[in-house]
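All remarks here apply to the structure that follows.
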Amino acid sequence: MPSESPRNRLAERLLDWYDRHARDLPWRVSPAARAAGTVADPYRVWLSEVMLQQTTVAAVKPFFERFVNKWPDVAALAAADEADVMGAWAGLGYYSRARNLHACAKTVADDFAGRFPGSAARLRDLPGIGDYTSAAIAAIAFDEAVPVVDGNVERVTTRLLAIETPLPKAKVAIRAALAAILPVGRPGDFAQAMMDLGATVCTPRKPACVLCPWRPDCRAASEGRQESFPVKPKKSAKPQRRGAAFVAVRPSDGAIWLRRRPPSGLLGGMSEPPSTGWSSRADGETGASAAPFPAAWQAMGTAAHGFTHFDLVLEVWCADVPDVPPGTQGRWVLPAELGGAALPTLMRKVVDAALTRRPSPSARGSGGAVPRSG
DNA sequence: CAAACGTGGAA
DNA sequence: TTTCCAAGTTT
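At position 226 of the first sequence the residue is numbered 226 (UniProt numbering), and the sequence of numbers has no breaks.
Right, dumping it as structure tokens:
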């Protein structure tokens, strides 16, 4: 695919760089394999892209391996119980992704005969697939020549052209610029090359401009202002909230009483020990008197957790509870089953605090940390 | 359009 | 310790 036009030299230089420096990732077809005719599996591309939304490669890798081992294709995932999918996602965060992932799998399996739509426009209609993910799947799995704009691409492009417009308004200019650079030949590799460049060279802090194939063309670097892009709005301070969580332990077998959170909202659809609301007031619903049912509650210290938009400190209370608590919804979960019980990280901290700090279980055996799902 | 929505690692 | 933020989507 020769291209003599000057503007395409940018794409050619980036692709040459990618051919030599592409990261080796579990969901990726290497540029060499791709050149030899290997095609990407849309299922794996989709799964990885959803997992990678606002999430680091390092965090995603073990989850990706676990998912593809357990559910090798979209039909298998569609046939899974939603609770199992939520359980396997526990710890990855942004749990609406897991619910949308399952819904999307069912749509693809039921309405599209198990095959992902082959264009960005139609992928965009599926749950959990937005502007970025639809373009990424279309480019990587179907070689559609669409601009793929993620955080890496925003950074690389705003630096290349010294775009002063703050995000997210700058996205229009970024997309336009990218469309002009985009090669017709290797859109999938180009998209991944942009992201690799942003992740390994054109990093948020201390970019390695000396290693960059676009160094001679970069307006920000030529002015020594590479770390001034992209321009972003300031973030407001995170408020503090408090609450209390109550870990009921059944003495006979060490099972813990868990309930399911509402399907949408914070930690939607995930499991938890019963807890109070999380008040922004320092004197909010705390103390043993806030418990959902009476028991000999003992203080187990606190569990602290930082969410995107607020910090939380939860008091942890623990008690032996022999029978189903009256007037409550939930289920007993054995210690060995806690790993697959869809406990988000915050709740894992709560349960860990209770089980590790509570008085020695003497003759009944149980307790210990919550195992990771797997 | 702004806000909600998790987590863990790096500086 | 605190702040930033990583392959965004939904409402």
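Note that the Cβ used here is the ideal one computed from N, Cα and C, for glycine as well.
Anyone know if the C-beta pair for A244 and S275 falls short of 8 Å? yes
Could you give the first and the last residue of the continuous alpha helix (DSSP H) run that contains L314? Bounds of any alpha helix (DSSP H) do not take in L314; it lies within the beta strand (DSSP E) bounded by D311 to D320.
Measuring only the C-alpha atoms, how far is A193 from I256? 47 Å
Report yes or no: do three or more beta-carbon pairs, one from the stretch 338-346 and one from the stretch 90-110, lie closer than 8 Å? yes
From which residue to which residue does the beta strand (DSSP E) around I256 run? I256 to R260
Considering only the beta carbon of each residue, do A141 and A40 sit closer than 8 Å? Their beta carbons are under 8 Å apart, which means A141 touches A40 by this criterion.
Three Cβ pairs or more, each shorter than 8 Å: is that satisfied between the stretch 192-206 and the stretch 11-22? Using a C-beta cut-off of 8 Å, the stretch 192-206 makes contact with the stretch 11-22, since at least three inter-stretch Cβ pairs fall below that distance.
Alpha carbon of P72 to alpha carbon of A78, nearest angstrom: Annotation: P72 to A78 spans about 11 Å, alpha carbon to alpha carbon.
Start and end residues, alpha helix (DSSP H) containing M86: E82 to W89
One or two residues paired with G306 in a DSSP bridge: D311
For P371, count the other beta carbons within 10 Å of its own beta carbon; 16 or more makes it buried, fewer makes it exposed. Which is it? In this prediction, P371 scores a pLDDT of 46, lower than 50, which makes its location untrustworthy; the coordinate-derived value is nonetheless stated afterwards. That one is exposed.
For F64, which three-state DSSP category applies? helix
If you check the beta carbons only, do A354 and M300 fall under 8 Å apart? yes
If I'm right that C104 touches G128 with Cβ under 8 Å, what's the distance once you round it to whole angstroms? Confirmed, Cβ separation roughly 5 Å.
Grouping DSSP H, G and I as helix and E and B as strand, with all else coil, what is S275? strand
Contacts around M347, its chain only, beta-carbon distance under 6 Å, and the 5 residues preceding and following it disregarded: So the list reads E272, once near-sequence residues are dropped.
R20 versus A296, R28, A32 and R9, residue with shortest Cα-Cα distance: That would be A32, whose Cα lies nearest to the Cα of R20.
If you follow the alpha helix (DSSP H) that A79 is part of, which residue opens it and which one closes it? Its alpha helix (DSSP H) spans residues V74 to A79.
Can you give me the Cβ contacts of A296 inside the same chain, cut-off strictly under 8 Å, excluding the 5 residues immediately before and after it? A319 and D320
Using three-state DSSP, classify Q329 as helix, strand or coil. coil
Per DSSP, the bridge partner or partners of F246: W317
Have a look at L52, S289 and K206 and flag the residue whose alpha-carbon is nearest the alpha-carbon of A98. L52
To the nearest angstrom, report how far apart A303 and E285 are at their CA atoms. 15 Å
From A221 to H102, what distance separates their C-alpha atoms? 43 Å
Can you list, in chain order, the residues of its chain with a C-beta nearer than 8 Å to that of E337? Leave out the 5 residues immediately preceding and following it. none
Can you tell me which of the three DSSP states A220 falls into? helix
What is the residue span of the alpha helix (DSSP H) that K171 lies within? K171 to I181
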